[in-house]
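Participant: When the letters of the sequence shown are read in order and numbered with the numbering used here, they come out as residues 75 to 328. We put the beta carbon where it would ideally sit given N, CA and C, even for glycine. Let me begin by handing over the structure; questions about it come next.
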Amino acid sequence: MMNLFSLQLHSMRSLGGLDAQLAATQAAGFTRVEALEEQLVSGTDLGEHLARFGLTCSAVHISMARLQHDPAPIAEACLAAGITSVFATRLPMQDPREAAAWQKAGEKLGALTELFSCQGISLGYHNGEHGFIPLKSGRCGLEDLFRAASGTDLEWQADIGWIRRAGADPMEWLKRFRRRLASAHIKDVGPDADHEGGWRNLGSGLLVWPILLRAAVECGARTLVVEHDNPPDPAEFAKRSFAYLSRYDSRNVL
């Protein structure tokens, strides 16, 4: 069951190069990672580095700009590294309060989904907090994005921490878009935005994880990805997160 969990390497970036990040990930107990765009396209052999540490890659985050401009090289690099899941990040929009911006993004993501699907790669959207800002229509941006991608297999990676930071209810949104849900970022939120960027080690923040973890899996998440945007000690964060998740796995909570 622990194969359900993955570690987002953004959390480990302050440790130095890729090998240092992977070594700390392996030492913490994880067997899967979620990679970043620069780690895929930097010219290094990501697959070779992963194999060196006995790790596999559950997915990779790629900016929308890169996906639009270089879809073929991205797909080729993914397949070479054994990656079959991509999540789009950093949508280029001037004003996230405008419904048209979300509709345009959804149309583009829908078209890219079809393109990547032909290569055996699934494509999804990874949310930040802006997708939950109420628009003039009364809907949120995330709703308009998925509405514009109707008829495609565009997936969703729910960042539970950002949903909570946006003032929305993660449980409500997991259930609302369960047909799209493929993965979830499990990132804990603290009461003080000035400390650790407002994030906390998994299990030490405000979110009730036993309920949320089960809900994410029941709503269709195939991976649960641990992340902290600003951990003071990345290696310790990874170890504590793995130990925390191991408790629930051993009790068959998931």
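Less than 7 Å between the beta carbons of Val263 and Arg239, yes or no?
Facilitator: Yes, Cβ-Cβ distance for Val263 and Arg239 is below 7 Å.
Participant: So, do the segment 164 to 176 and the segment 272 to 287 have three or more beta carbon pairs nearer to each other than 8 Å?
Facilitator: Touching, no, given that fewer than three Cβ pairs across the two stretches are closer than 8 Å.
Participant: Should the segment 226 to 238 be called in touch with the segment 182 to 202, which here means at least 3 C-beta pairs below 8 Å?
Facilitator: Flag = yes, the segment 226 to 238 and the segment 182 to 202 touch.
Participant: Would you give the residue range spanned by the beta strand (DSSP E) that Thr99 belongs to?
Facilitator: First-last for Thr99: Leu92 to Ala102, but that is the alpha helix (DSSP H), not the beta strand (DSSP E).
Participant: Give me the residue from Pro305, Arg252, Ser88 and Gly128 with the minimum Cα distance to Asp268.
Facilitator: For the residues Pro305, Arg252, Ser88 and Gly128, the minimum Cα distance to Asp268 belongs to Pro305.
Participant: Using the Cα positions of Asp307 and Ser211, report the straight-line distance between them to the nearest angstrom.
Facilitator: Taking the straight line joining both Cα atoms gives about 43 Å.
Participant: So, do the segment 136 to 153 and the segment 87 to 102 have three or more beta carbon pairs nearer to each other than 8 Å?
Facilitator: Because the criterion of three Cβ pairs below 8 Å is not met, the segment 136 to 153 and the segment 87 to 102 do not touch.
Participant: To the nearest angstrom, how far is it from the Cα of Gly103 to the Cα of Ile285?
Facilitator: Each residue's alpha carbon lies about 23 Å from the other.
Participant: Identify, in the order they occur along the chain, each residue of the same chain with its Cβ nearer than 8 Å to the Cβ of Asp169, setting aside the five sequence neighbours on each side.
Facilitator: Only Ala175 meet the Cβ criterion.
Participant: When the Cα of Asp144 is compared with those of Gly180, Arg171 and Ala162, which residue comes out closest?
Facilitator: Among Gly180, Arg171 and Ala162, the Cα nearest to that of Asp144 belongs to Ala162.
Participant: Just reading off the beta strand (DSSP E) that Gly198 is part of, what are its end residues?
Facilitator: Ser196 to His200 is the extent of the beta strand (DSSP E) around Gly198.
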